[in-house]
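Here's the structure we're looking at; comments come further down.
Residue numbers (the working numbering): 722 to 1570.
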């Protein structure tokens, strides 16, 4: 590609390079040195002998990273701006001319003998029309493809997360600010008042203009952190927050991390940006899907650097990126990266990464930037922007790290002093000092936080994350207010518990609820102890007079936002009391120990005969002990509004859940001795070119004569139309249609996204599902009053889900997508009556950016 060249006259240089007074807003160590030299009255013969430094900016004043700078038209002399647009050149050899070039910008030439200002400079480059998809024809063999093949072959060798271990320190900063379109707004208002003598603003317009003007005074939000990051192969991470500062808050429960919204390194086959997967241009086979173009070749000392642009090839359907790669011939590693989604939605996203070689051998991240822009949110005239910067220092390759440093599986932990760091420490560790807007942001937002008690509101949000709302010493339990299921229809209730304002190491309380359909009260109480501050251990004692679904299949250490309880219609009245101890015993292992006694009475026509000769029982006394295990290798947790929740990323390893329960026949008046074992394996992962794979394999065995309440009902949701789809259930199976004491089930879902079909106007997300189960039941004649079938022949259903068939713009922030799914029952349990009797329909709702 050729660039349009432009030579700058002396008068134009003065416009490109700001005056000395403007430089006061910009910090650089060489600026101090320059001032000292001037005060001493030492003048060098020519400007060309002064060490040269400065910053390259775009027309809007934003730094331009990775701009190529050539000295005296010698391609082997020069440098490249860093991720913040900064550069510096040595005093020798004498510099007469600088040539600045960057993809998508006009070439810029500066003759130093005509410049009357001293470094550091602020150089502005002008953007030019450039389309990544403009050219896709190269005569003969594309040299960029040959280079990229070498990059792909060396990707594991250059991936920092393929090292045995590493350790580094990071400084991270996140700034949120307005994106005003003030001139357009004023012009629109003027047109609306064209015939009036004066411009009149309504209240909304006046407030909007005030927000626009504030963008020149301060940012909306500012957050900084200092961390120590450690890694041990194959999947152990530990990050310690050494210092944390958030505008408006004294002790914020969240922080800024280098890999919050972009990967720490650019070498995985798929790049996750804002929780969306994009095919990496350096993944195997990418030259068949991406077009690469060699734009320039740079020479830096003994290294050669290839500047290669990339974008998805025409008529290739996948989630792709576009941008620029700087490939260094040392191990053919990535030195610089600029990337953004090829298809821009309502949210514009861009990342910039810079790598260096701390040990002269291995490539390692040095600087990571990201920019998220919502240009029309919250208003078409006022957008929102989030900028994040991370600087990685003191990187060590393959250090000997103590295993004890990885004994916890939290994504990060705060040190005791993280919120009491002196200003001098921040000044020492910031790569650049805060600018004027950032300093004003801390001053303004901190004062507002103190005045309006932002920390108090943050504590309320943390309680809200636990499903509670603080009322002085008591917390109101929000989930207890309204509950839904098929048996009660709607339950209205009230739950009150002691909160952290009284004590953080225990909570005491209870609830009561009334079902509108069954017209019955339910109630319960509990006390929970938390031996450690972050609630890894929890010891609960409880008593309940409530209802419970018969044959429900759940794992107490797992929780689902939407559960099958919504469709539960066969209930037992249950008096239950006991104790439950939950422990995070190992890094990836949770353990639950439970001892309880339940007295059940079916609320449906049912009786159980323990033996053929015995009288049918209609009330069941069940003293039980259970152990529950959940093991998820590689799973990390983070703090989210007071809760310790999984970080949500896909992992290469499956998660294992195991429950073993023992029912006693003589203890506490028990009548039914039995053993019950349930096992489930869950995993979700991404396959190159095929999207996301999700599956669950589960099975269970109950050994002993027990009533239906302790058997397996096979989790059918019902063939009637449902507004919500509950995962890991059978969509075409009627509730309680089958009964088993031994079973195996498999649930599979392949989410192709838009890989199979995509147009400009229609972008459905396509998923295929398949569910299968087989089971047996011993002595079915023992169960009287209910009808059911057994699963010896194997039950099967298949589904097709189309999400985002209809996409609606939701306040210029995201797309609200509506779709649906259809499921078909086939095989041995196919129902007579035609296709319609074997179909089930579901509605789906999704958000997309």
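Glycine included, C-beta positions come from ideal geometry on N, C-alpha and C.
Query, Result
"Do you know whose CA, among 883, 1089, 997 and 805, lies nearest residue 980's CA?", "1089"
"One question on the structure: do residue 1384 and residue 1343 come within less than 8 angstroms of each other, judged by their Cβ atoms?", "yes"
"Return the Cβ separation of residue 1518 and residue 1544 in integer angstroms, given the expectation that the two are a contact with Cβ distance under 8 angstroms.", "5 angstroms"
"Can you tell me which of the three DSSP states residue 1298 falls into?", "strand"
"Quick one: what's got a C-beta closer than 8 angstroms to residue 1078's C-beta in the same chain, skipping five residues either side?", "1051, 1084 and 1085"
"Leaving aside the five residues before and after residue 1319 along the sequence, list all residues of the same chain whose C-beta is less than 6 angstroms from its C-beta, in chain order.", "1295, 1297 and 1343"
"Report the residue ranges of all beta strand (DSSP E) runs contained in full by the region 1001-1061; include only those spanning at least 3 residues, in chain order.", "1011-1021, 1024-1033 and 1042-1049"
"Would you be able to state if there are at least three C-beta pairs under 8 angstroms between the region 1273-1281 and the region 1248-1263?", "no"
"What would DSSP say about residue 1366, mapped onto helix, strand or coil?", "strand"
"Going by C-alpha distance, which of 1217, 999 and 1569 is nearest residue 1407?", "999"
"Quick check on residue 1150: does DSSP put it in helix, strand or coil?", "helix"
"Classify residue 1173: buried if its beta carbon has 16 or more other beta carbons within 10 angstroms, exposed otherwise.", "exposed"
"So if DSSP puts residue 885 in a beta bridge, which residue, or which two residues, is it bridged to?", "Partner(s): none; residue 885 has no beta bridge."
"Among 1204, 1020 and 1291, which has the Cα closest to the Cα of residue 794?", "1020"
"In its own chain, which residues sit with a C-beta less than 6 angstroms from the C-beta of residue 1450, not counting the 5 before and 5 after it?", "1285, 1436 and 1438"
"How about residue 990 and residue 1409: do their beta carbons lie closer than 8 angstroms?", "yes"
"Say whether the region 947-956 touches the region 899-907, bearing in mind that this needs 3 or more beta-carbon pairs closer than 8 angstroms, one atom from each stretch.", "no"
"So if DSSP puts residue 1231 in a beta bridge, which residue, or which two residues, is it bridged to?", "1217 and 1246"
"Residue 1062 to residue 1167, Cα distance in whole Å?", "35 angstroms"
"In the structure shown, what three-state DSSP assignment does residue 1205 receive?", "strand"
"DSSP beta-bridge partners for residue 1310?", "1352"
"My output table needs one value for residue 894: the three-state DSSP class, helix, strand or coil.", "strand"
"Where does residue 1078 fall in DSSP's three states?", "coil"
"For residue 1376, which residues of its own chain have a beta-carbon under 6 angstroms away from its beta-carbon, when the five flanking residues on both sides are left out?", "1353 and 1403"
"Report back the beta-carbon spacing between residue 1461 and residue 1508 to the nearest angstrom; my notes put them in contact at under 8 angstroms.", "About 15 angstroms separates the two Cβ atoms, so there is no contact after all."
"Pairing CB atoms from the region 1097-1113 with CB atoms from the region 883-894, are three or more of them under 8 angstroms?", "yes"
"Whose C-beta lies closer than 7 angstroms to the C-beta of residue 796 among residues of the same chain, with five residues either side of it excluded?", "1020"
"Assign residue 1195 to one of three DSSP states: helix, strand, or coil.", "strand"
"Measuring only the C-alpha atoms, how far is residue 822 from residue 868?", "22 angstroms"
"When we look at the beta-carbon of residue 874 and count the other beta-carbons within 10 Å, is it buried (16 or more) or exposed?", "exposed"
"Given a cut-off of 8 angstroms on the beta-carbon distance, is the pair residue 1380 and residue 1276 in contact?", "yes"
"Given a cut-off of 8 angstroms, decide if residue 1046 and residue 1070 are closer than it, judged by their beta-carbon atoms.", "no"
"If you follow the alpha helix (DSSP H) that residue 1186 is in, where does it begin and where does it stop?", "1175-1186"
"Helix, strand or coil: which one does DSSP assign to residue 954?", "coil"
"Do the CB positions of residue 1055 and residue 1076 come within less than 8 angstroms of each other?", "yes"
"Tell me the start and end of each unbroken beta strand (DSSP E) in the region 796-882 that is at least 3 residues and wholly inside, in chain order.", "807-810, 818-822, 829-832 and 842-845"
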